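**Student:** Sharing a structure, written as structure tokens. Questions coming.
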Amino acid sequence: MHKAIPDLKDQYEKGKMTRREFLRYASLLGMSLGAAQALIAGCAPPATEVPPTEVPPTPTTAPAVPTPTTVPAGPRRGGTLRVRGNIGRIDHPARFSWVANSNPARHVAEYLTLTDENNITHPYLLDSWEASDDLLTWTLNLRQGIKWNNGDDFVADDVVFTMEEWLDEEVGSSTLGLMSYLTEENIEKVNDHTITLHLDSPQIAVPEHLFHYPNQIMNYRTFEGDFIQAPVGTGPYTLDEYSEGERVVLKARADYWQTGADGQPLPYLDEMVYIDLGEEVSAWIAAFQGGEIDAISEPEATVFLALQDDPNANIMGTPTGQTRVLRMRVDKEPWTDNNVRMALKLCQDHEKILAMAHFGEGAPGADFHVAPVHPAYCERPIPPYDPDRARSLLEKAGYADGLTVEIAVASDWTDVVSYAEILKQDAAPAGFDIQINTMPVSAYWDLWTEVDLGVTPWTHRPLGTMVLSLAYTCDDEGEPVPWNETRWCDDEFTSLLTQAEGTLDVEERRQIMCQLEEIQYERGSIGIPYWQGIWMIAHKKVQNWKGHPTQYDLFNELWLEEA
Amino acid sequence: MRDIFSLVSASKVALAALAIVLFWIFVAIFAPVISPYDPLEQDSTAVNQGPSAKHLLGTDDLGRDLLARVIHGARVILVLAPVSVLCALLVGTTLGLSAGYSGGMVDEVVMRILDGIMAFPAILLYLIILFAVGASAINVVIAITIAGAPGIARLVRSLTLDIRTREYIAAAELRGENPFYIMFVEIFPNAWGPIIVDAMLRVGYAVFAIGTLGFLGLGLPPPAPDWGSMVARGRTYIWINPWAVLWPSLAISSLVVGLNLFADGLREEVTRYQ
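Which chain is which? The protein sequence lines are C and E, in order.
So for the first sequence, the working numbering puts the first residue at 1; every next one is plus one.
So for the second sequence, the working numbering puts the first residue at 1001; every next one is plus one.
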């Protein structure tokens, strides 16, 4: 047992930590979920001492989470699940930059860990992990007896090979920025089933990082840079067909390492088919209601609104850290001046934007990129809409006569366009004349790190520190990391973030997060209008249906009522 | 002018079509007076509503009055479409007259270039141009001008080839008139009939093109009350608020039908007159 776990238990007993947080950190430190639950069984934190920030605040209008009304008798085998998805071009999983690309593939290739729908991380291809007291050395114990779908044994060489791919600059994976504490030389293969990672700086979130969506483990014997050419994985399905923009056909394999409730190998389904219905959500709704698909992966708010009263729809709602980031390039005029950045942030009426752009489904943001669902979230007030102060800041910055700026948005993201339109209207009294430059999604993704002012969607990450290190830090030479789209570098922020990543004590870490949030709000480069509530939608015949805050499709244990 | 009036009044179809077009012109001119609300005014308390006494045609996803947006949208489209066609006429007529009157190498070079442009489907040409230069009112006009001018040039050239053989052209040349005088004073006034009918049809196409570009997200940037953009935006919410799609769609189709029927009626009467 990690020496910090008794301290965690003590914090839990004193009410400084929620049960969910205790389980999260105990599991992150290598304790199994069952053991962690047993450790605190009978302990209950005094309710009166629980600080309000410990529990993620309930969104003003929480996403609907209907409870399935019927309890299924038991898993049934067979059948085909048809899922609407985005079938994009993929080659190297480490280069995934879109969750949708990882979803069909994650049923063929798997991850070392799994962060579940409750934001708790479990070992997966790992049997267990252990962290040193100083959080600088992590020992990963691989699960034994797992076979790749081509018959090869899953061994440490596969993991070492895949990690080297993540850290290879030529591959260009986002993991390079996320796991900047790791270098290829510091990955040590101890034996065929054990690996030790020697980190450059303390890091508590290694297991969570291992579930970052590009981090699918590849077979070192077969992988040559294109997963479609050699779709060898440890997952429950094999890749039968991959037609970009059309469909993906996945066939169940008979010798998967996990077993179902009936004692037989998973999965319960015979086949899964991902169907690309294009970007037109009306087609998704029509296909769902017409029985052509059984589930909708990554549904938008309008799909939820259209299907929320459908008697055949089972909708799982989840609050998330997924958001739309108002990002300002600090190396470009006029955003070099913090007064201008703050002025624009003050033109946001967060509650109104949430109500109109995302139908009130989520929680208002507060202009820093840490969400209420993140464990170490430090609660801060929602900044009020203040066009008067914004105007005086613009005057201070030398724009007394007003300022015309162009904002880039992708026209297909309806809520983003709505957000831009609301901002345009609400910023006018402050002196901003915002010209909205719409473009197709593909064009925006070509420019997302380059535009001066834009709105970029950022997906949920289980820990606040993960997204902060991905998007708001610079390397040792002072160069922004690959996904730092605003080029914002702040030494104090980076230093505090490194400190937070290595701090186990939840209260101590929350205090650091308070400082990080304060810095990002006061002199940062972004506005956060709202945190999106999201949904997973399936037909009621699909059993064991669960939501996931990152919109990961975790379909290994689904079955169909009418197989 | 009297000729045009007598031509139009002779055709019932043209008269009915003219009434539709005049209705939209009236709406566009008096938009600030007849519009019940500011078309950009958002109302967070009245999002995606159906028709009611307060909002006769309902509201969109940002609580904006759909009637106000349709009315002001007429201003946008009834300025952009004729201006686009006028620009295309200017460019196409100049090129067509030059190619047809000069003949030889000038004719060959100009027409082959225009053939090259015409080889592209019009919608593809719009997309290429607007992707390259970005979406804005001026760029929409430029795109429609570039896509429309070759067709007009081809028509004007064929008319010019016929007219240049007339005796009054030979007379003008004998008088020593310069080529510009001959093209624009002698040839063009005698070719205007088919050009006007063609232009009327092209205004209808331009309305449709502007609507299509708006639908594809390449029309006027938001929050402009562009009919095509309104259809595109509304279709996202069609399952909960079909009105947001219905009204701008009806507006586009009625204006296009009006313009096309007017051009058809005019052509029939011109043909009969000739």
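All C-beta atoms in this analysis are idealised placements derived from N, C-alpha and C, irrespective of residue type, glycine included.
Keep in mind that this is a model prediction, so the values were computed, not measured.
Only counting the same chain, and skipping five residues up and downstream in sequence, which positions put a Cβ closer than 7 angstroms to that of residue 1010/E?
**Tutor:** Result list for residue 1010/E: 1269, in chain order.
**Student:** Would you be able to state if there are at least three C-beta pairs under 8 angstroms between the segment 211–218 of chain C and the segment 110–117 of chain C?
**Tutor:** The segment 110–117 of chain C is in contact with the segment 211–218 of chain C.
**Student:** Looking only at C-alpha atoms, which of 1174/E, 1150/E, 1095/E, 1221/E sits nearest to residue 1139/E?
**Tutor:** Considering only alpha carbons, the answer is 1221/E.
**Student:** Is DSSP giving residue 31/C helix, strand or coil here?
**Tutor:** The answer is coil: DSSP assigns residue 31/C none of H, G, I, E or B.
**Student:** Could you name the residues of the same chain whose beta carbon sits closer than 7 angstroms to that of residue 89/C, not counting the 5 residues immediately before and after it, in chain order?
**Tutor:** Answer for residue 89/C: 244, listed in chain order.
**Student:** Could you check whether the Cβ of residue 260/C sits closer than 7 angstroms to any heavy atom belonging to the ligand FAD?
**Tutor:** Absence of the ligand FAD is noted for the structure shown, with no ligands found whatsoever.
**Student:** Return the bridge partner residues of residue 530/C from the DSSP annotation.
**Tutor:** Note: residue 530/C sits in a beta bridge opposite 364/C.
**Student:** Enumerate in chain order the residues of its own chain whose CB-to-CB distance from residue 157/C is below 8 angstroms, with the five nearest sequence positions on each side excluded.
**Tutor:** Only 189, 192, 220 meet the Cβ criterion.
**Student:** What is the DSSP secondary structure of residue 188/C, counted as helix, strand or coil?
**Tutor:** In this structure, residue 188/C counts as strand in the three-state DSSP scheme.
**Student:** How about residue 1056/E and residue 1040/E: are their beta carbons less than 8 angstroms apart?
**Tutor:** No. Outside cutoff.
**Student:** Does residue 46/C pass the burial test, meaning 16 or more other C-beta atoms within 10 Å, or should it be called exposed?
**Tutor:** Annotation note: pLDDT 44 at residue 46/C (below 50); position unreliable, no value reported.
**Student:** So, at 7 angstroms on beta carbons, what are the nonlocal neighbours of residue 246/C in its own chain, with the 5 sequence-adjacent residues on each side left out?
**Tutor:** Excluding positions up to five away in sequence, the list reads 87, 276.
**Student:** Between the segment 416–440 of chain C and chain E, which residues of the former have CB atoms less than 8 angstroms from a CB of the latter, in chain order?
**Tutor:** Of all residues in the segment 416–440 of chain C, 417, 418, 420, 421, 422, 424, 425, 435, 436, 437, 438, 439, 440 have a Cβ within less than 8 angstroms of some Cβ in chain E.
**Student:** Using the beta-carbon count (16 or more within 10 Å), is residue 551/C buried or exposed?
**Tutor:** Its Cβ being crowded by 16 or more others within 10 Å, residue 551/C is buried.
**Student:** Would you tell me roughly how many angstroms separate the C-alpha atoms of residue 34/C and residue 1128/E, rounded to the nearest one?
**Tutor:** Rounded to whole angstroms, residue 34/C to residue 1128/E spans 59 angstroms at the Cα level.
**Student:** How many angstroms separate the CA atom of residue 38/C from the CA atom of residue 327/C?
**Tutor:** Cα to Cα, the separation comes out at about 45 angstroms.
**Student:** Do you know whose CA, among 1226/E, 1267/E, 1201/E, lies nearest residue 1256/E's CA?
**Tutor:** Selected option, being the one with the closest Cα: 1201/E.
**Student:** Between residue 498/C and residue 426/C, what straight-line distance do the alpha-carbon atoms span, to the nearest angstrom?
**Tutor:** Distance between the alpha carbons of residue 498/C and residue 426/C is about 37 angstroms.
**Student:** Do residue 397/C and residue 330/C have their C-beta atoms closer together than 8 angstroms?
**Tutor:** No, these two residues do not count as a Cβ contact at 8 angstroms.
**Student:** Between residue 41/C and residue 23/C, which are expected to be in contact by the criterion C-beta below 8 angstroms, what is the C-beta distance as a whole number of angstroms?
**Tutor:** Wrong, their Cβ atoms sit about 12 angstroms apart, outside the cutoff.
**Student:** Please classify residue 410/C: does DSSP put it in a helix, a strand, or coil?
**Tutor:** Correct three-state label for residue 410/C: strand.
**Student:** Compare the C-beta of residue 1047/E with all C-beta atoms of chain C and state if any pair is closer than 8 angstroms.
**Tutor:** It does; some Cβ of chain C falls within 8 angstroms.
**Student:** Can you pull the chain E residues whose beta carbon is under 9 angstroms from the beta carbon of residue 636/C, in chain order?
**Tutor:** The displayed coordinates of chain C run from 1 to 563. Any statement about residue 636/C would go beyond what the structure contains.
**Student:** Tell me the residue span of the alpha helix (DSSP H) that contains residue 1096/E.
**Tutor:** Per DSSP, residue 1096/E belongs to the alpha helix (DSSP H) from 1066–1102.
**Student:** Check each candidate in 443/C, 422/C, 242/C and name the one with the smallest Cα separation from residue 411/C.
**Tutor:** Here the closest residue by C-alpha is 443/C.
**Student:** Do you know offhand how far residue 225/C's Cα is from residue 206/C's?
**Tutor:** C-alpha separation (whole angstroms): 24 angstroms.
**Student:** Let me know the secondary structure DSSP gives residue 1034/E once reduced to three states.
**Tutor:** It is helical.
**Student:** Going by CA-CA distance only, name the one from 176/C, 80/C, 303/C, 153/C that's closest to residue 292/C.
**Tutor:** For residue 292/C, the nearest C-alpha among the options comes from 80/C.
**Student:** What whole-angstrom Cβ distance do residue 295/C and residue 99/C have, given they're in contact under 8 angstroms?
**Tutor:** Contact flag wrong, Cβ pair sits at about 16 angstroms.
**Student:** For chain E, is any of its Cβ atoms less than 8 angstroms away from the one on residue 352/C?
**Tutor:** Yes, contact with chain E.
**Student:** For residue 1221/E, return the contacting residues in chain C, with the cut-off set at a CB-CB distance below 8 angstroms.
**Tutor:** Neighbours of residue 1221/E on chain C, chain order: 435, 436, 437, 438.
**Student:** If residue 322/C and residue 115/C are in contact, beta carbons under 8 angstroms, what's the gap, nearest whole angstrom?
**Tutor:** With a Cβ gap of about 14 angstroms, residue 322/C and residue 115/C do not count as contacting.
**Student:** Assign residue 322/C to one of three DSSP states: helix, strand, or coil.
**Tutor:** In this structure, residue 322/C counts as strand in the three-state DSSP scheme.
**Student:** Considering only residues of the same chain and omitting the five flanking positions on each side of residue 1133/E, which have a CB-CB separation below 6 angstroms?
**Tutor:** Excluding positions up to five away in sequence, the list reads 1139.
**Student:** Spatial neighbours of residue 567/C within its chain, please: C-beta separation below 7 angstroms, excluding the five flanking residues on both sides.
**Tutor:** Residue 567/C falls outside the range modelled here, since chain C spans only 1 to 563, and no answer is possible.
**Student:** What are the start and end residues of each continuous alpha helix (DSSP H) run of 4 or more residues lying completely inside the segment 454–531 of chain C, in chain order?
**Tutor:** Here the runs fully enclosed are 464–471, 491–501, 506–523.
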